[in-house]
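>
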Amino acid sequence: MKVDVDLERQLGSLLIDKEEDREALKSSKKDQRIGNGIENQRLVLEFGADYWLKARKWASEQAFSSPDDDGILAVAAAIPRKIPTEKQSWRLLQIKERLELEGFPKPDSKLVP
972 MKVDVDLERQ LGSLLIDKEE DREALKSSKK DQRIGNGIEN QRLVLEFGAD YWLKARKWAS
1032 EQAFSSPDDD GILAVAAAIP RKIPTEKQSW RLLQIKERLE LEGFPKPDSK LVP
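Quick note on the numbering used here: the sequence shown kicks off at 972 and runs consecutively.
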């Protein structure tokens, strides 16, 4: 028995063109960046003002912070009066990592992601 099937027509409705694929990828990357930014802010807030105040003081005493870093640490040390932006939160987590590599004590393990 022979069956004629028009695969091109049937599969054509299931496939997307390259432009749609590019747009979907672009949209998913944007969504991921937003999600990462929110997660970074959550972590910064979870550490709390006291942690960031100690980090700022330690970085200043050890001369490990630039004026920009100090300004961002000052924002975090003022939580909840001031809330770091997504970009500041990303920088704060980089600063935190750098300070820990230089000897600043890591926070309680319950706060480490």
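Each residue gets a CB set at the ideal place from its N, CA and C atoms; glycine is no exception.
Because the structure is a prediction, the values reported are computed rather than measured.
Sort L985, W1023, N1007 by Cα distance to P1078 and report the nearest one.
Comparing Cα-Cα distances from P1078 to each of L985, W1023, N1007, the minimum goes to W1023.
> Under the assumption that L1070 contacts F1035 (Cβ atoms under 8 Å), give the Cβ distance between them as a whole number of angstroms.
Right, the Cβ-Cβ distance comes to about 6 Å (below 8 Å), so this counts as a contact.
> Answer with buried or exposed for I1043, where buried requires no fewer than 16 other C-beta atoms within 10 angstroms of its C-beta.
Under this definition I1043 is a buried residue.
> Can you give me the C-alpha to C-alpha distance between D988 and E1032, rounded to a whole angstrom?
Cα to Cα, the separation comes out at about 58 Å.
> Can you tell me whether DSSP reads V1015 as helix, strand or coil?
Correct three-state label for V1015: helix.
> Restricting to Cα atoms, I'd like to know which of L1072, I1009, E994, A1030 is closest to T1056.
It is I1009.
> Between D1041 and E990, what straight-line distance do the alpha-carbon atoms span, to the nearest angstrom?
Those two C-alpha atoms are separated by around 44 Å.
> Leaving out five residues on either side along the sequence, give the residues of the same chain with a beta carbon under 7 Å from the beta carbon of A1026.
Closer than 7 Å at the Cβ level, and outside the excluded window around A1026, lie L1044, K1067, L1070, F1075.
> Report, in whole angstroms, the separation of the C-beta atoms of I1050 and G1019, which I expect to be a contact under 8 Å.
Correct: roughly 6 Å between the Cβ atoms.
> Give, in chain order, every unbroken run of the alpha helix (DSSP H) that is at least 4 residues long and sits entirely within the region 1036 to 1076.
With a minimum length of 4 residues, the continuous alpha helix (DSSP H) runs that stay inside the region 1036 to 1076 are 1038 to 1048, 1057 to 1073.
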